[in-house]
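Line by line, the protein sequences are chains V and S. Per the numbering used here, the first sequence runs over residues -6 to 266. Per the numbering used here, the second sequence runs over residues -6 to 266. The C-beta atom is built at its ideal place from N, Cα and C for all residues, glycine as well.
There are 2 protein chains.
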Amino acid sequence: MKPNKKAPIGIFDSGIGGLTVAKAVMETLPDEDIIYFGDTARVPYGIKSVETVREYALQITRFLIERKVKVVLIACNTVSAAAEFEVTEYCRNKGIPVLGVVKAGSIAAEKVSHDKKKVGVIGTLATIGSGTYEKALHELNPDLKIYSKACPLLVPLAEEGWTENDIARQILEFYLSDFKNMKLDSLILGCTHYPLFKKSIREILGNHGLQIVDSAISIAEMTKKLLLEKDLLNDQHPGKLECFVSDKPQRFQQLAEQFLGKRINRVEIVSLT
Amino acid sequence: MKPNKKAPIGIFDSGIGGLTVAKAVMETLPDEDIIYFGDTARVPYGIKSVETVREYALQITRFLIERKVKVVLIACNTVSAAAEFEVTEYCRNKGIPVLGVVKAGSIAAEKVSHDKKKVGVIGTLATIGSGTYEKALHELNPDLKIYSKACPLLVPLAEEGWTENDIARQILEFYLSDFKNMKLDSLILGCTHYPLFKKSIREILGNHGLQIVDSAISIAEMTKKLLLEKDLLNDQHPGKLECFVSDKPQRFQQLAEQFLGKRINRVEIVSLT
């Protein structure tokens, strides 16, 4: 059964970080309604087993499908790495397409890495340790040279609201020092929090032919293309954002407003099993 | 039934941080055997509900009791805040005493806050937000003036191994700026990771009458006193440390050696329910 074009876009993450995806979707597709789910009771996913992450991802997917979404966006690198296949299979039976940040970011990076074929990837310890981006990039183009670096302090820095101050700058200088003379074609921001550091990263690595790949923007553009192809674009009204979390709605709302740079309405708490 | 004096001391934490307590106990009581449990599959506790933290704390306590410990030390501020009463009640029936870091740190701080009665407390968002130290300190002495500050970046900094470099120093300067001219009697390090920053904190706040209260040392001293009173000191052999975790033993071992400044033996994985 074809989804309804007036139905919302479902976006989920282990917590708050996926709001960068929601933000990019709101900018690219301002007329679309969005349902965001952040699993704030069980965050972080990066330290859990693959089986557990898959189970949680399917619980959230079921919740989004009950809410009648027309497409599911996996805004979490860990879920995208561990469970994109399972979520896609589950949704296929319901006729709902699925897009994930890892594939979206990899496709965008591969497109710009035509010359020297050098791609940098930064992410959390879990994402970098899993080798997910290497796998996705090499599937697209086995000739790519991939350089990755885990940056464990960036998520807590972003949640403290420090993304452009001196301290953030010095920490980024440290993490990016290997990339400075490497002449990368592209750098994938392999964590949903990292787009908040884009300005500082650009200042450190310069403008010389490097493209910074923000998976949030990549997935938003892929979503637009997909909805257009499937004739599912909603152009009836300005879209609205509804947020659901599994714990601590006040803390989520506070951080969410910081991420989105605007006030959001009520955040609803739901219990998943 | 009186515990066996040759029995080990049980110490637990939500993860790795409680090893600062294990370290202080090893230094204060070098002949004692220690069993350490870090709940690495379910860390962090600070974002979970009080009921969940209590359930986890009791599961771990049962594990330690099965291992025949003679005393249980709660090395986690979150558990000490949420579940010390429940763990103490549970152990009372088995004749096993329980000590927790919040009470230990508060008793030590109250002792030195005789003059201006000004106590500073630093901790995670969860610990500071819970008001646990305020409550424990005011129960000891209602006249104390308590100033607290959440320092969310310190745990990830410590886990990155950055405790005395320029970046750590600047972050501490920021967090401690309010305390600089406050003439505190004592500053409680209300998170098990924070003793790693003691040298930098001392450099920033100076030596003028301020006592830095390391709850790890306080609880180690209380443990010595308790074992002495109950005639439970083990003086038969140099003590050994056994570590158990609920996930990722290799990562634990690597961080543990950084925390303890020495090699540790095998880390065993156990599943709790």
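### Task
Using a threshold of 9 Å, state whether the C-beta atoms of S:Lys203 and S:Val114 are closer than that.
One point to set straight first is that residue 203 of chain S is Leu, not Lys, in the sequence displayed. No, Cβ-Cβ distance for S:Leu203 and S:Val114 is not below 9 Å.
*Boundaries of the beta strand (DSSP E) in which S:Gln204 is found, first to last residue*: Gln204 to Asp207
Item to complete: Return the CA-CA distance between S:Lys138 and S:Cys69, expressed in angstroms with no decimal places.
Response: 24 Å
Go ahead and label V:Pro23 buried or exposed: buried means 16 or more other beta carbons lie within 10 angstroms of its beta carbon, across all protein chains shown. exposed
Counted within 10 angstroms of its Cβ, other Cβ atoms place S:Phe172 as buried (16 or more) or exposed: buried
Between S:Tyr38 and S:Thr71, how many whole angstroms is the CB-CB distance? I'm expecting something under 8 Å. 4 Å
Margin query: Does the CB of V:Leu137 have a neighbour CB from chain S at under 9 Å?
Written below: False, the Cβ-Cβ gap to chain S never drops below 9 Å.
**Q.** Rounded C-alpha distance that separates S:Asn(-3) from S:Ile160
**A.** 47 Å
Point to revise | Integer-rounded CB distance, given that S:Ile257 should sit under 8 Å from S:Leu234 | key: 6 Å
task = Name, please, each residue of chain V whose Cβ falls closer than 9 Å to the Cβ of S:Ala150.
result = In the sequence under discussion, the amino acid at residue 150 of chain S is Leu, which differs from the Ala named in the question. Below the 9 Å Cβ cutoff, chain V contributes Leu146 and Pro149 as neighbours of S:Leu150, in chain order.
**Report entry** Cβ shell of V:Ala143 (< 6 Å), same chain only, five flanking positions each side left out
**Finding:** Leu118 and Ile121
Would you mind stating whether S:Thr21 and S:Ala249 have Cβ atoms separated by less than 9 Å? no
**Message:** Quick check: is the beta carbon of S:Ala34 nearer than 9 Å to any beta carbon in chain V?
**Reply:** yes
S:Arg35 and S:Ser7: beta carbons closer than 9 Å?
Inclusion of S:Arg35 and S:Ser7 in the CB contact set at 9 Å is warranted, their separation being smaller than that value.
Residue range of the unbroken beta strand (DSSP E) whose run includes V:Leu198
Taken as a continuous stretch (DSSP letters only), V:Leu198 belongs to no beta strand (DSSP E), being part of the alpha helix (DSSP H) at Lys191 to Leu198.
Item to complete: Give me the Cα-Cα distance between V:Glu103 and V:Thr125, rounded to the nearest whole angstrom.
Response: 15 Å
DSSP has S:Ile181 in a bridge; who is on the other side? S:Val114 and S:Val206
For V:Phe30, which residues does DSSP report across the bridge? V:Phe5 and V:Phe237
Note to self: Can you confirm whether S:Pro242, when its beta carbon is compared against all beta carbons of chain V, has any partner nearer than 9 Å?
What the structure shows: no
field: S:Gln163: contacting residues in chain V (beta-carbon distance under 8 Å)
entry: Asp159, Ile160 and Gln163
| query | Of the residues S:Leu198, S:Tyr140, S:Glu152 and S:Pro188, which one's Cα is nearest the Cα of S:Gln163? | reply | S:Leu198
- Flag this pair as yes or no: are the beta carbons of V:Val95 and V:Glu77 separated by less than 9 Å? yes
Notebook entry, point to check: Nearest to S:Ile27 by CA position, among S:Leu51, S:Gln52 and S:Val62, is which residue?
Noted result: S:Val62
query = chain V beta carbons: is any one of them nearer than 9 Å to that of S:Ser193?
reply = No, because no Cβ of chain V sits closer than 9 Å to the Cβ of S:Ser193.
Kindly give me the distance between the Cβ atoms of V:Thr54 and V:Val238, rounded to whole angstroms, as I take these residues to be in contact under 8 Å.
Not quite, the Cβ-Cβ distance comes to about 16 Å (not below 8 Å), so this is no contact.
| message | Going residue by residue through the stretch 95 to 164 of chain S, where are the continuous beta strand (DSSP E) segments of at least 3 residues, counting only ones entirely within it? | response | 111 to 116 and 138 to 143
Worksheet entry | Nearest candidate by alpha-carbon position, reference V:Lys176, set V:Asn200, V:His186, V:Glu153 and V:Gly183 | V:Asn200
#### Entry: Residue span of the alpha helix (DSSP H) that contains S:Leu51, given as start and end
Val43 to Glu59
- prompt: How many Å lie between S:Lys87 and S:Met215 at the Cα?
  reply: 20 Å
**Prompt:** Within 10 angstroms of its Cβ, does V:Gly98 collect 16 or more other Cβ (buried), or is it exposed?
**Reply:** Label assigned to V:Gly98: buried.
Neighbour flag for S:Ser42 against chain V, beta carbons, 9 Å: Any Cβ of chain V closer than 9 Å to the Cβ of S:Ser42 would place that residue at the interface, and such an atom is present.
So which residues on chain S does V:Glu153 lean against when the C-beta distance must stay under 7 Å?
Pro145 and Leu146
Practice prompt. For S:Lys128, count neighbouring Cβ atoms within 10 angstroms of its own Cβ and tell me buried if that reaches 16, exposed if not.
Written response: Answer is exposed; the Cβ neighbour count stays below 16.
field: CA-to-CA distance, S:Ile67 to S:Trp155, given in whole angstroms
entry: 26 Å
**Request:** Give a yes or no on whether the C-beta atoms belonging to V:Ile2 and V:Val64 are separated by under 9 Å.
**Result:** yes
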